[in-house]
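First the structure, in the form of structure tokens, and then the observations on it.
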Amino acid sequence: MSHFLEIPSRAAQPVAADELTSAQTGILDAILTEHRKLAGALMPVLHAIQKALGYVPPAAVPRIAHELNLSRAEVHGVISFYHYFRQQPAGRHTIYMCRAEACQAMGARALEAYAKKKLGVEFHETTPDGAFTLEPVYCLGNCACSPSVLIDGELHGRVSAQRFDELLEEST
Amino acid sequence: MSATLYIPRDASALAMGAERVLQAVTTEASRAGAEIRIVRNGSRGMLWLEPLVEVATPAGRIAYGPVQPRDVAGLFAAGFLRGAAHPLRLGKVEDMPYFARQDRLTFARVGEIDPLSLDDYRTHGGLRGLTRALEMSAVEIVRTVTDSGLRGRGGAAFPAGIKWKTALDAQSTQKYIVCNADEGDSGTFSDRMLMEGDPFVLIEGMLIAALAVGATQGFIYLRCEYPHAQSVLESALALAYANHLLGADVLGSGKRFDVQLRIGAGAYICGEETSLLDSLEGKRGQVRVKPPLPAIKGLFGKPTIINNVITLATVPLILERGADFYRDYGMGRSRGTLPLQLAGNIKHGGLVEKAFGLTLRELLHDYGGGSASGRPIRAVQVGGPLGAYLPEAQFDTPIDYESFAGIKAMLGHGGIVAFDDTVDMAQQARFAMEFCAIESCGKCTPCRIGSTRGVEVIDRIIANQARSKNEILLRDLCETMRHGSLCAMGGLTPDPVLSALEHFPEDFRRQTTAVS
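One line per chain: the protein sequences are A and B, in this order.
In this text, residue positions in the first sequence follow this note's numbering: the first is 279, and each later residue adds one.
In this text, residue positions in the second sequence follow this note's numbering: the first is -19, and each later residue adds one.
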């Protein structure tokens, strides 16, 4: 048995389940090449990766860190700090449901409960069929027409339970 | 002769179906053989009437709203392209009391112009402020802003001129202008409406700030929850570069100024200026200890002016019309106008730009028309999630920074969220602590830990577990958070909590059976 402080060799480490595919690696490299010279490049890099791949794969972290001259801890720290960055893929449609006060004043708490029950998921979860990911959001800036929901980049106001059902229908 | 129609591309108008209305109008026009030109304007701010469609007629722009796709055929049949009568006809926007009684200074062009037409912008007074500024010395520009009495509209209300003077006096080869467009407060959307409806005025304001302190690089930090504002800003920046408003030779002056758009990632705390700067630098958005002030040591350690969207967008007007013109609006030490946002359970929600001094009651009733549900308005939260909950007895407070401070409240960014009498204020207090726990940057203990303990203590009060002891504990915790936190996040979270407890104690005592 090896000493607990002994660092296992690279070969002895299990292969990460989420090793980057060659296509992902190509995209990642293109993004890093494009953004490397920007001052404070990390946020634009992470946005570009998430836009291209749908999430920021943990396996991308060492490469990002190396290219931007940061530690892996710094990169991971930033990814995990911001609610928007995902470390695993979302469903085919992402529903951002506003939880903030202006929406609460118009029934967002009840709508939230309805959506969770209807989809059978909690916040940050994806339906078993992979269709919908439900995410909370704190204000979509549509506070005079609340409650508000953002689905795949489309904003919807005055969303009732019935309207929520229609929006699910329209998405699929 | 083709008819000109205005169908807003403002996010709230889109949320209410403006895109589908546009399609219906296009279809109906081709069916009727009518030649039309469609302008995608911003919103006029009467958001309960969105989608609000305007038609240009010899008598002015006639508004119809709220228009749904099913109304479109009827509108054509009634002759709305000539401004004819129809149940949805509202007349001229300028004649509608909600709009006519406002003091539209910063929002003068929003909803009126094509946001992405520099010609339209110039025709409606755009770039006059910048032209004046180019003829002035840096010291004169800063003095004009100081004399106008303009205070930071992001929420902290710090005098803009003093911030600018500090950055001007700082010696450095590189200075930055940062626009804080991380409008995260619930109940606020004025930044969004301005960026979507008149983006060039923000760019012009940043240019004037750059001239005032000698900066060559600017950043707009926009929250990712605003995809529509992002697309308008991207287009506006490209147009500004193509027309030499930005770049190496601003309007032929030989001066350089560049602006980059950067997108946040869902962290409320990044609206706090030092967190925002850390985020721009590519770090976790954690609050910095002040001093040093950002004006002396800001982005990448260089002197930085960081101002809110509305603050910067108001500067061109001040340069164009002079400090006195702006200062003549308002009351006390609150000079000029504030774009107020009526939100939540309100009948006529929208944007009301008014000189400081009107009361909350006037806003809620004369403009807002009471609650959307028709029930009495029981509480309003002013100034976002860190703002106090105010009961009806305080509705006569004038909209003025000092008057609000006098009742332990704040105006913040001017968002007003109304709740009717079905609200459970103990749950609202709990949410304030929960929100702080979710959004705390984690740097200081009172905010990071205090908020989680706050949720637990409020839960015990609601459940009637040693209620009076826990109430003392909650007040004590709030004191610690208020005085021991690094920034307003932990420091002001006690405001909604304690105001709810003070003004609506009965909501905390609904459970009457004692739980051990």
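C-beta atoms are modelled at their ideal positions from N, C-alpha and C, and glycine is treated no differently.
Beta-carbon contacts of residue i that lie in its chain and below 8 angstroms, excluding the five residues immediately before and after
i: Ile305 of chain A; result: Ile327, Ala330 and Leu331
i: Arg441 of chain A; result: His434
i: Phe410 of chain A; result: Gly369, Arg370, His371, Thr372, Ile373, Leu397, Val399, Thr404, Leu446 and Ser449
i: Ser420 of chain B; result: Ile249, Cys427, Arg428, Ser431, Met469 and Gly470
i: Val5 of chain B; result: Leu(-15), Ile(-13), Ile16, Ile18, Val33 and Val52
Euclidean distance between Cα positions of residue i and residue j
i: Phe138 of chain B; j: Gly132 of chain B; result: 5 angstroms
i: Glu514 of chain B; j: Val437 of chain A; result: Since the first and last residues shown for chain B are -19 and 496, residue 514 of chain B lies out of range.
i: Leu445 of chain A; j: Leu(-6) of chain B; result: 14 angstroms
i: Thr398 of chain B; j: Ala189 of chain B; result: Inspection of the sequence shows that residue 398 of chain B is occupied by Ala rather than by Thr. Near 36 angstroms, if we compare the C-alpha coordinates of Ala189 of chain B and Ala398 of chain B.
i: His371 of chain A; j: Gln210 of chain B; result: 21 angstroms
i: Arg447 of chain B; j: Ile441 of chain B; result: 5 angstroms
i: Gly318 of chain A; j: Gly262 of chain B; result: 5 angstroms
i: Trp28 of chain B; j: Thr146 of chain B; result: 43 angstroms
i: Asp340 of chain A; j: Pro31 of chain B; result: Before going on, a small fix: residue 340 of chain A reads as Pro here, not Asp. One C-alpha to the other measures close to 48 angstroms.
i: Glu297 of chain A; j: Gly430 of chain B; result: 40 angstroms
i: Tyr381 of chain B; j: Ala308 of chain A; result: 50 angstroms
i: Thr124 of chain B; j: Met405 of chain B; result: 44 angstroms
i: Gly348 of chain B; j: Gly324 of chain B; result: 11 angstroms
i: His463 of chain B; j: Val477 of chain B; result: 15 angstroms
i: Thr473 of chain B; j: Asp258 of chain B; result: 22 angstroms
i: Ala(-9) of chain B; j: Gly419 of chain A; result: 8 angstroms
i: Val293 of chain A; j: Tyr369 of chain B; result: Only weak support is given to the placement of Val293 of chain A: the predicted model assigns it a pLDDT of 42, under 50, and the value that follows is read from those uncertain coordinates. So the two alpha carbons sit approximately 54 angstroms from each other.
i: Arg313 of chain B; j: Ile379 of chain B; result: 12 angstroms
i: Phe282 of chain A; j: Gly355 of chain A; result: Any answer about Phe282 of chain A is weak, because its pLDDT of 47 lies below 50 and its placement is not dependable; what the coordinates show is given next. In a straight line, the C-alpha of Phe282 of chain A is about 26 angstroms away from that of Gly355 of chain A.
i: Met461 of chain B; j: Leu107 of chain B; result: 45 angstroms
i: Leu320 of chain A; j: His328 of chain B; result: 42 angstroms
i: Ile357 of chain B; j: Glu342 of chain B; result: 13 angstroms
Cβ separation of residue i and residue j, assumed to be a contact under 8 angstroms, to the nearest whole Å
i: Phe488 of chain B; j: Ala359 of chain B; result: Incorrect: roughly 14 angstroms between the Cβ atoms, too far for contact.
i: Ile142 of chain B; j: Leu191 of chain B; result: 18 angstroms between Cβ atoms; not a contact.
i: Leu85 of chain B; j: Leu318 of chain B; result: Not quite, the Cβ-Cβ distance comes to about 10 angstroms (not below 8 angstroms), so this is no contact.
Proximity test, Cβ basis, 7 angstroms: residue i and chain B
i: Val356 of chain A; result: yes
i: Phe359 of chain A; result: yes
i: Asn420 of chain A; result: yes
i: Met384 of chain A; result: yes
i: Met321 of chain A; result: yes
i: Ala409 of chain A; result: no
i: Leu397 of chain A; result: no
i: Phe442 of chain A; result: no
i: Glu390 of chain A; result: no
i: Ala378 of chain A; result: yes
i: Gly318 of chain A; result: yes
6 angstroms Cβ shell around residue i - same chain, five flanking residues per side excluded
i: Glu284 of chain A; result: For Glu284 of chain A, the predicted model reports a pLDDT of 48, less than 50, meaning its position is unreliable and no value from the coordinates is stated.
i: Arg519 of chain B; result: The question about residue 519 of chain B has no answer, for chain B in this structure spans -19 to 496.
i: Ala220 of chain B; result: Ile183 and Leu226
i: Met513 of chain B; result: Outside the modelled stretch of chain B, which goes from -19 to 496, sits residue 513 of chain B, for which no answer is possible.
i: Val311 of chain B; result: With the sequence shown as reference, residue 311 of chain B is identified as Met, and Val is not the correct amino acid for it. If we look at Met311 of chain B and ignore the five residues flanking it on each side, its Cβ neighbours are Phe336, Gly337 and Asp380.
Contacting residues, own chain, Cβ-Cβ under 7 angstroms from residue i (five flanking each side not counted)
i: Ser(-18) of chain B; result: Glu15, Ile16 and Arg17
i: Ile387 of chain B; result: Gln374 and Thr377
i: Pro38 of chain B; result: none
C-beta neighbour in chain A for residue i, strict 7 angstroms
i: Pro319 of chain B; result: no
i: Ala406 of chain B; result: no
i: Tyr306 of chain B; result: no
i: Ala53 of chain B; result: no
i: Cys159 of chain B; result: no
i: Glu205 of chain B; result: yes
i: Gly227 of chain B; result: no
i: Val122 of chain B; result: no
i: Ser(-8) of chain B; result: yes
i: Arg264 of chain B; result: yes
i: Ala409 of chain B; result: no
Per-residue burial, residue i [other beta carbons within 10 Å of its own, 16 or more giving buried]
i: Arg203 of chain B; result: buried
i: Gln361 of chain B; result: buried
i: Gln3 of chain B; result: exposed
i: Ala161 of chain B; result: buried
i: Thr7 of chain B; result: exposed
i: Gly13 of chain B; result: exposed
i: Glu486 of chain B; result: exposed
i: Thr311 of chain A; result: exposed
i: Pro406 of chain A; result: exposed
i: Ala222 of chain B; result: exposed
i: Ala383 of chain A; result: buried
i: His224 of chain B; result: exposed
Residue i at chain C interface by Cβ criterion, 7 angstroms
i: Met(-4) of chain B; result: Note that chain C does not occur in the displayed structure, where the protein chains are A and B.
The ligand NAD heavy atom lying under 6 angstroms from the CB of residue i
i: Phe399 of chain B; result: Among the components modelled here there is no ligand, and therefore nothing to report on the ligand NAD.
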